[in-house]
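Quick notes on the structure that follows.
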Ligand SMILES: [Mg+2]
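Okay, here's the thing in structure tokens:
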């Protein structure tokens, strides 16, 4: 099988920068009242981890990929968002409060939606193509 040398317009090494959305992707934020967050930042802690997300993110982190969570939440909620990630054990390298350049995006608002089972299968295929797994 021919290995990929670039993806989304930039060159690949053996490891990827994987951008992962928070709300609706790793966090069920349906119980969070975002109108209250600026006055009561710990409102964010009401979010619940989405089934399958933690296991998948831990695996990607362990494989050596750079994990960057991103969110369009208010910048003032950055510290509380980090607290939530740590509270639930999500390993990561960075937290961005905006979208940025990455090899791969995992986002519930993408046209394909978000299914952690399908994401796992897609990333396994990608790992084979870039030569992480042979
Ligand atoms: Mg989202």
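Residue numbers (the numbering used here): 26 to 159. Beta carbons: idealized from backbone N, C-alpha and C, even for Gly.
Does residue 73 come out as helix, strand or coil in the three-state DSSP assignment?
Position 48 of the chain shown, counted from the first residue, corresponds to residue 73. Looking at residue 73 - three-state DSSP - the assignment turns out to be strand.
Tell me which residues pass a beta-carbon proximity test against ligand 1: closer than 7 Å to any heavy atom, given in chain order.
46, 47, 48, 49, 50, 132, 133 and 134
According to DSSP, residues forming a beta bridge with residue 132
As a first step, residue 132 is located in the chain shown; it is residue number 107 there, counting from the start. In the DSSP output, where bridge partners are listed per residue, residue 132 has none listed.
Sequence-distant residues of the same chain with beta carbon closer than 8 Å to residue 61, five excluded per side:
As a position in the chain shown, residue 61 is number 36, starting the count at 1. For residue 61, where only same-chain residues beyond five positions count, the Cβ hits under 8 Å are 68.
Cβ shell of residue 119 (< 7 Å), same chain only, five flanking positions each side left out
Mapped onto the chain shown, residue 119 falls at position 94. Within the same chain, residue 119 has close Cβ partners 93.
Is the CB-CB distance between residue 106 and residue 96 below 9 Å?
As a first step, residue 106 is located in the chain shown; it is residue number 81 there, counting from the start. As a first step, residue 96 is located in the chain shown; it is residue number 71 there, counting from the start. Contact: yes.
Could you give the residue range of the alpha helix (DSSP H) that holds residue 110?
Within the chain shown, residue 110 is the residue found at index 85, counting from 1. Note, residue 110: alpha helix (DSSP H), 103-112.
What residue does the alpha helix (DSSP H) around residue 82 start on, and which one ends it?
Stepping through the chain shown from its first residue, residue 82 is reached at position 57. Start and end: 78-87.
Proximity of residue 78 and residue 101 at Cβ, strictly below 9 Å
Taking the chain shown and counting its residues from 1, one reaches residue 78 at position 53. Taking the chain shown and counting its residues from 1, one reaches residue 101 at position 76. Cβ atoms of residue 78 and residue 101: not closer than 9 Å.
Classify residue 54 as buried or exposed, calling it buried when 16 or more other Cβ atoms lie within 10 Å of its own Cβ.
Translated into the one-based positions of the chain shown, residue 54 becomes position 29. Buried, since its Cβ has 16 or more Cβ neighbours within 10 Å.
Outcome for residue 41 when other beta-carbon atoms lying within 10 angstroms are tallied against a minimum of 16
Walking along the chain shown from the start, residue 41 turns up at place 16. Classification of residue 41: buried, given that the 10 Å Cβ count is 16 or more.
Could you tell me which residues DSSP puts in a beta bridge with residue 119?
Residue numbering aside, residue 119 sits at position 94 when the chain shown is read from its first letter. As computed with DSSP, residue 119 is found in a beta bridge with 93.
Let's test the definition: count the other Cβ atoms within 10 Å of the Cβ of residue 58 and tell me whether it reaches 16, buried, or not, exposed.
Taking the first residue of the chain shown as position 1, residue 58 is located at position 33. Counting Cβ neighbours within 10 Å, residue 58 comes out exposed, since fewer than 16 surround it.
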